[in-house]
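In short: position in the sequence shown from 1, add 253, done, that's the working numbering. Reading through the structure tokens given below for one structure.
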Amino acid sequence: MKNKEDKTKILFTMPVDLKEELSKEAEKDFRSLNNYILWVLLNRNNK
Numbered sequence: 254m255k256n257k258e259d260k261t262k263i264l265f266t267m268p269v270d271l272k273e274e275l276s277k278e279a280e281k282d283f284r285s286l287n288n289y290i291l292w293v294l295l296n297r298n299n300k
């Protein structure tokens, strides 16, 4: 298990309508919003 020092926090601002849209997509995949955003970022080049 990683220590707290091994983790990085990322904070960013997004428009409310984008957050709502991403939340709906995350819900469809049974993911949290944070998990869904991370998944999108990690898979953005796989298309």
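A virtual CB, placed ideally from N, CA and C, is assigned to each residue, including glycine. Nothing here was measured: the structure is a model prediction, and the numbers come from that model.
- [ ] For I263, count neighbouring Cβ atoms within 10 angstroms of its own Cβ and tell me buried if that reaches 16, exposed if not.
- [x] exposed
Task: Backbone CA spacing between R297 and A279 [nearest angstrom] - done: 15 Å
Open item on the list: What does the alpha-carbon distance come out to for the pair R284 and E258?
Closed with: 25 Å
- [ ] Determine the direct distance from the alpha carbon of N299 to that of L286, and round the result to whole angstroms.
- [x] 20 Å
Open item on the list: Does S276 come out as helix, strand or coil in the three-state DSSP assignment?
Closed with: Here S276 sits in helix by DSSP.
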